[in-house]
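Going left to right, the sequence shown walks through residues 5 to 279 as my numbering numbers them. Note that beta-carbon positions come from the ideal geometry of N, C-alpha and C, so glycine has one too.
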Amino acid sequence: MDVLIPKRKWSFVSRWWWLGALLLAGMGAAGLYWPRPGQRLHVAASRLTISPVTRGNFQEFTAIDGVVQPLHTVYLDAAEAGTVQQVLVEEGTTLTAGQPLLRLANPDLQLEMVNRETAVYDLMNNLRNTRNQLLQNRILRQNQLADIDFQLAEARRVFDTNQVLYSQKVIARQDYLQSQNAYRYQLRRRQLTQQTLRQDSVAMQQQLGTMQESVQRMTSNLALMRRKMDDLLLRAPVSGQLSSLAAEVGEAKTRGQRLGQIDALAGVKLHAAVD
Numbered sequence: 005m006d007v008l009i010p011k012r013k014w015s016f017v018s019r020w021w022w023l024g025a026l027l028l029a030g031m032g033a034a035g036l037y038w039p040r041p042g043q044r045l046h047v048a049a050s051r052l053t054i055s056p057v058t059r060g061n062f063q064e065f066t067a068i069d070g071v072v073q074p075l076h077t078v079y080l081d082a083a084e085a086g087t088v089q090q091v092l093v094e095e096g097t098t099l100t101a102g103q104p105l106l107r108l109a110n111p112d113l114q115l116e117m118v119n120r121e122t123a124v125y126d127l128m129n130n131l132r133n134t135r136n137q138l139l140q141n142r143i144l145r146q147n148q149l150a151d152i153d154f155q156l157a158e159a160r161r162v163f164d165t166n167q168v169l170y171s172q173k174v175i176a177r178q179d180y181l182q183s184q185n186a187y188r189y190q191l192r193r194r195q196l197t198q199q200t201l202r203q204d205s206v207a208m209q210q211q212l213g214t215m216q217e218s219v220q221r222m223t224s225n226l227a228l229m230r231r232k233m234d235d236l237l238l239r240a241p242v243s244g245q246l247s248s249l250a251a252e253v254g255e256a257k258t259r260g261q262r263l264g265q266i267d268a269l270a271g272v273k274l275h276a277a278v279d
């Protein structure tokens, strides 16, 4: 049969004995780290720096990694689309402003250029022919007016003569009226011819002005097209070093595509990421 063993309780003396032991252990540990009287730290004089205290800015230096970059960089983009036909320089070349770098070919742009040149030349020829034709018409009208003036003067002379003769009862009334009608006809004819000449002159000036404006407009468009053709030859916009050039013969380039960059040699800058 099992026997119940009562739990042993700490006595009052045991508790104080253990508490005293813990206290002595703690005092011993504290004595190891507590500075002893008369303890000193000896440092060599060469390791000390002594200077008078002054008021100023506190400076602290931190070592960071950075990249040296050119002060100014100019990027090269394709102004017009085309196929690389010729590369004229290599990466690392020192360039001068305006130096050719590469040449692009664009057959569609070249064909449009030829068509516009032909259209301008045709319009200029038409303008020249129209001006000559209008000038000939003006000369013809002036000759007609001169002939009418002669006939008018002759009709006036006959009418004046017949008027005197009719007043003297020398000629019949029929002859007098006939000379009068002839004179009035030539007078009216001259007025109409002169009016037609003025209208033709105004119409000629308007037509020539319209054609001249068309020539100027097409000439401006042709100049713009020539500038596009010039853009197929990429030139250095500034002087510097060609640090990169992404172009190979036969490679197709789109308008605005990055082709390379030129680093100006005027100075450099340090680029670093600082937190």
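Cβ pair residue i, residue j closer than 8 Å
i	j	result
residue 88	residue 106	yes
residue 91	residue 251	yes
residue 170	residue 177	yes
residue 234	residue 74	no
residue 190	residue 212	no
residue 167	residue 180	yes
residue 99	residue 246	yes
residue 208	residue 138	yes
Coarse secondary structure for residue i, derived from DSSP in three states
i	result
residue 80	strand
residue 183	helix
residue 257	strand
residue 265	strand
residue 59	coil
residue 176	coil
residue 111	helix
residue 102	coil
residue 96	coil
residue 88	strand
residue 246	strand
residue 236	coil
C-alpha gap between residue i and residue j, whole angstroms
i	j	result
residue 218	residue 230	18 Å
residue 134	residue 101	47 Å
residue 227	residue 201	38 Å
residue 148	residue 84	59 Å
residue 236	residue 120	18 Å
residue 86	residue 108	5 Å
residue 196	residue 172	34 Å
residue 111	residue 103	24 Å
residue 94	residue 243	15 Å
residue 48	residue 28	39 Å
residue 265	residue 113	26 Å
residue 215	residue 204	16 Å
residue 248	residue 96	7 Å
residue 223	residue 122	11 Å
residue 150	residue 221	40 Å
residue 185	residue 164	12 Å
residue 174	residue 206	49 Å
residue 23	residue 68	57 Å
residue 59	residue 240	54 Å
residue 57	residue 25	52 Å
residue 115	residue 154	59 Å
residue 126	residue 232	22 Å
residue 79	residue 253	20 Å
residue 66	residue 46	30 Å
residue 159	residue 188	8 Å
Beta-carbon contacts of residue i that lie in its chain and below 8 Å, excluding the five residues immediately before and after
i	result
residue 81	260, 261, 262, 263
residue 128	219
Cutoff 7 Å; reference residue i; Cβ partners in own chain excluding five residues on either side
i	result
residue 193	152
residue 270	75, 76
residue 141	204
residue 225	120
Nonlocal neighbours in the same chain, by C-beta distance under 6 Å from residue i, ignoring five residues either side
i	result
residue 183	162, 163, 166
residue 50	none
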